[in-house]
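Working notes, beginning with the structure itself.
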Amino acid sequence: KAVAEAYGRGFLGQNILGTDFSLDVYVHRGAGAYICGEETALMESLEGKRGEPRLKPPFPTQVGLFGQPTLINNVETLACVPHIVLRGPEWFASIGTEESKGPKLFCVSGHVERPGLYELPMGTTLREIIYEHAGGVWKGRKLKAVIPGGASTPMLTPEHLDVPMAFETLPKVGSMLGTGAVIVMDETTCIVNAVLHLARFFAHESCGKCAPCRVGTSTMLKILEDIEAGEGRDGDVDLLLDICETMYGKTFCPLGDAATNPITSSIKYFRDEYEYHIKEKRCMV
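Those letters in the sequence shown? Residues 151 to 435, per the working numbering, in order.
Next up, the structure:
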């Protein structure tokens, strides 16, 4: 609708507003595959092919969509451009941190009183996001864990609440900003079950192009399913870590690395829950 309105008012198309500048905009609906968040897989999808990452180089700026040089940006990035043009780069740079400029959309979900989408300055702490904007952990419960930037980012704990949500700060505590999708888990959460759901997601979304990701995600899923079902074995936790180490940095695209993050980080902070599941054949919460 917005594109149609822009054409109707002469803001898009040929000779825009009587000038020599022309621009056409197309909205293409994708099939929803997670792998198409990888830029070259996205181009494969746009060309009508199966969503799989391409070998790089050549990079999209050299050989991209239909073999042409291509610039790829997230919608969130493009949405900032009009404000920068209208208000100036100094205004934009005044928001956020020294290395992470501007506002950021934080999508808060999980065990909070007011889940939703919040636009806040880069560098806003997890504490402010969760407790001031999202209303705190629901039902008066305690915070157990939080995923700061979507399924692909390592899990954090309450001790990290005062870490600024920025590109340069989250890696210092072993995580990353990712998409800014904050997933909050309260004290009643079974960490093994939560990670199982994430592992199932990555196993389903793996395109299957490379063996480390294809085999690794499915194997980790099977181990987690066994642990959750009370059929875990001694050594399963170390086996999960071994598989993660084998996968990390050795897959065709970052999806394989991403699949290891929920597992390694949850074992780092909640290994006792995994061991309890294996020994007692049930959850400790």
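Each residue gets a CB set at the ideal place from its N, CA and C atoms; glycine is no exception.
Pick from the options: whose alpha carbon is nearest that of residue i?
{"i": "L196", "options": "F352, E395, G217", "result": "G217"}
{"i": "G168", "options": "R159, R421, G358", "result": "R159"}
{"i": "P271", "options": "T307, G330, C357", "result": "G330"}
{"i": "V313", "options": "T247, E188, V175, R383", "result": "T247"}
{"i": "E263", "options": "G286, F242, G399, C230", "result": "G286"}
{"i": "C360", "options": "P207, P203, R179, D422", "result": "P203"}
{"i": "C110", "options": "H310, A295, D384", "result": "Outside the shown range of the chain, which is 151 to 435, sits residue 110, and nothing can be said about it."}
{"i": "D407", "options": "I166, A156, T319, A349", "result": "A349"}
{"i": "D336", "options": "M315, I297, T303, P239", "result": "I297"}
{"i": "V323", "options": "T338, T307, F402", "result": "T307"}
{"i": "K429", "options": "V387, M315, K418, K292", "result": "V387"}
If you draw a straight line from the alpha carbon of residue i to that of residue j, how long is it in whole angstroms?
{"i": "A379", "j": "C433", "result": "10 Å"}
{"i": "E278", "j": "Y268", "result": "11 Å"}
{"i": "I234", "j": "K254", "result": "14 Å"}
{"i": "T190", "j": "I222", "result": "9 Å"}
{"i": "K206", "j": "Y184", "result": "19 Å"}
{"i": "L405", "j": "F352", "result": "8 Å"}
{"i": "G399", "j": "I393", "result": "12 Å"}
{"i": "E309", "j": "G260", "result": "19 Å"}
{"i": "S415", "j": "V345", "result": "10 Å"}
{"i": "P219", "j": "F420", "result": "46 Å"}
{"i": "T396", "j": "V153", "result": "46 Å"}
{"i": "K431", "j": "M370", "result": "18 Å"}
On the CB-based measure, 16 or more other CB atoms within 10 Å of its CB, does residue i come out buried or exposed?
{"i": "F256", "result": "buried"}
{"i": "N411", "result": "buried"}
{"i": "P172", "result": "Correcting the residue type first, residue 172 is Ser in the shown sequence and not Pro. Per the 10 Å Cβ criterion, exposed."}
{"i": "H347", "result": "exposed"}
{"i": "A284", "result": "buried"}
{"i": "E155", "result": "exposed"}
{"i": "F209", "result": "exposed"}
{"i": "F402", "result": "buried"}
List the endpoints of the continuous alpha helix (DSSP H) containing residue i.
{"i": "C394", "result": "386-397"}
{"i": "G158", "result": "152-158"}
{"i": "Y424", "result": "404-430"}
{"i": "A344", "result": "341-355"}
{"i": "E375", "result": "361-378"}
{"i": "A284", "result": "It is not in any alpha helix (DSSP H) - A284 carries neither H nor E in the DSSP assignment."}
{"i": "C230", "result": "225-237"}
Please report the residue range of the beta strand (DSSP E) in which residue i lies.
{"i": "S302", "result": "It is not in any beta strand (DSSP E) - S302 carries neither H nor E in the DSSP assignment."}
{"i": "I333", "result": "331-336"}
{"i": "E269", "result": "266-271"}
Where does residue i fall in DSSP's three states?
{"i": "P207", "result": "coil"}
{"i": "C257", "result": "strand"}
{"i": "T319", "result": "coil"}
{"i": "P314", "result": "strand"}
{"i": "V296", "result": "strand"}
{"i": "G187", "result": "helix"}
{"i": "L221", "result": "coil"}
For residue i, verify whether its CB is less than 8 Å away from any heavy atom of the ligand PLP.
{"i": "S172", "result": "Absence of the ligand PLP is noted for the structure shown, with no ligands found whatsoever."}
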